[in-house]
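**Q** Chains as they are written, first to last, in this note's numbering: chain A, 1 to 116; chain B, 117 to 226.
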Amino acid sequence: GAGVSQTPSNKVTEKGKYVELRCDPISGHTALYWYRQSLGQGPEFLIYFQGTGAADDSGLPNDRFFAVRPEGSVSTLKIQRTERGDSAVYLCASNARRGANTGELFFGEGSRLTVL
Amino acid sequence: QKEVEQNSGPLSVPEGAIASLNCTYSDRGSQSFFWYRQYSGKSPELIMSIYSNGDKEDGRFTAQLNKASQYVSLLIRDSQPSDSATYLCAGGEYGNKLVFGAGTILRVKS
Numbered sequence: 001g002a003g004v005s006q007t008p009s010n011k012v013t014e015k016g017k018y019v020e021l022r023c024d025p026i027s028g029h030t031a032l033y034w035y036r037q038s039l040g041q042g043p044e045f046l047i048y049f050q051g052t053g054a055a056d057d058s059g060l061p062n063d064r065f066f067a068v069r070p071e072g073s074v075s076t077l078k079i080q081r082t083e084r085g086d087s088a089v090y091l092c093a094s095n096a097r098r099g100a101n102t103g104e105l106f107f108g109e110g111s112r113l114t115v116l
Numbered sequence: 117q118k119e120v121e122q123n124s125g126p127l128s129v130p131e132g133a134i135a136s137l138n139c140t141y142s143d144r145g146s147q148s149f150f151w152y153r154q155y156s157g158k159s160p161e162l163i164m165s166i167y168s169n170g171d172k173e174d175g176r177f178t179a180q181l182n183k184a185s186q187y188v189s190l191l192i193r194d195s196q197p198s199d200s201a202t203y204l205c206a207g208g209e210y211g212n213k214l215v216f217g218a219g220t221i222l223r224v225k226s
């Protein structure tokens with residue numbers, strides 16, 4: 001597609017439920033990032049994929065969070081046993097390059113997660 | 117802990133004035149710096165990148181980087197109401213993740 005696509009755009013769930021958020025990056029982009037943004041804050045890094053592998057998952061807050069990118073394109077962020085503190089906008093971004101300029105990220109519109 | 121600090125604002129400037137946005141960072145290993153603009157309810161979009169000390173100009177925007185002082189700034193000339201948004205400063209190492217500041221809210225009054 002023309003841009004990074006994220007689904008669902010909004011997700012309301014109950015505490016303790018399992019949630020999956022999907023990201024379809026720009027075609028041909030090898031790098032894919034997940035960030036989380038709370039109200040009034042900047043995006044907080046979660047995980048970065050280069051191809052199929054997670055190159056850096058140091059931002060995942062705990063083992064309830066997991067992400068995959070099995071074919072090097074679409075990625076799914078999975079959150080188990082959701083907590084109210086997980087409520088945020090989950091942003092996906094992609095980039096075509098390795099090394100320099102990896103900060104030139106193209107963001108999707110985000111998935112707003114609300115945990116009741 | 118790698119940190120990027122920004123004044124949250126809001127910064128209010130009249131239409132046609134110069135808006136000056138500032139950012140400091142803690143990680144001396146950061147080599148690349150970026151300014152993203154985020155409209156309310158929308159995702160961030162890149163407006164400027166800077167990798168070397170000095171100034172970089174692109175249209176009405178000028179980014180400035182001083183690695184010795186660990187300071188990055190963004191100047192917006194001839195500010196327009198459409199520039200009203202949150203401006204996010206971000207820094208990172210080559211081939212690595214970006215660390216974002218909390219953003220500065222800019223309001224341009226017509």
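Cβ atoms here follow ideal geometry from the backbone N, Cα and C, with glycine treated the same way.
Predicted model, so just to flag it, every value in this text is computed and none were measured.
For S198 of chain B, name the three-state secondary structure that DSSP assigns.
**A** Taking the second sequence and counting its residues from 1, one reaches residue 198 of chain B at position 82. Of the three classes helix, strand and coil, the one that applies to S198 of chain B here is helix, per DSSP.
**Q** Cα separation between R176 of chain B and A133 of chain B?
**A** Position 60 of the second sequence, counted from the first residue, corresponds to residue 176 of chain B. Position 17 of the second sequence, counted from the first residue, corresponds to residue 133 of chain B. Straight-line Cα distance between these residues: approximately 11 Å.
**Q** What do you reckon, are the CB atoms on S189 of chain B and N138 of chain B nearer than 8 Å?
**A** The sequence position of residue 189 of chain B within the second sequence is 73, counting from 1. The sequence position of residue 138 of chain B within the second sequence is 22, counting from 1. Cβ atoms of S189 of chain B and N138 of chain B: closer than 8 Å.
**Q** Which residues in the same chain have their Cβ closer than 6 Å to the Cβ of P43 of chain A, if we skip the five residues on either side of it in sequence?
**A** Indexing the first sequence from 1 puts residue 43 of chain A at position 43. So the list reads Y35, Q37, L91, once near-sequence residues are dropped.
**Q** Comparing the C-beta of P43 of chain A with each C-beta of chain B, is any distance below 8 Å?
**A** Counting from 1 along the first sequence, the entry for residue 43 of chain A is found at position 43. Yes, P43 of chain A counts as interfacial toward chain B.
**Q** Below 7 Å on C-beta distance, what does G219 of chain B contact in chain A?
**A** Walking along the second sequence from the start, residue 219 of chain B turns up at place 103. Within chain A, the residues near G219 of chain B are G42.
**Q** Considering only the beta carbon of each residue, do T52 of chain A and P25 of chain A sit closer than 8 Å?
**A** What you label residue 52 of chain A is simply residue 52 of the first sequence in a count that begins at 1. What you label residue 25 of chain A is simply residue 25 of the first sequence in a count that begins at 1. No; because the gap between Cβ atoms is not below 8 Å, this pair is not in contact.
**Q** Using the Cβ count rule (16 or more neighbours within 10 Å means buried), how would you classify R81 of chain A?
**A** Counting from one through the first sequence, the residue named residue 81 of chain A turns up at place 81. With fewer than 16 other Cβ atoms within 10 Å, it is exposed.
**Q** Relative to the C-alpha of P61 of chain A, which candidate in A:V115, A:I79, A:P8 has its C-alpha closest?
**A** Taking the first sequence and counting its residues from 1, the one referred to as residue 61 of chain A is at position 61. The residue with the shortest Cα to Cα distance from P61 of chain A is A:I79.
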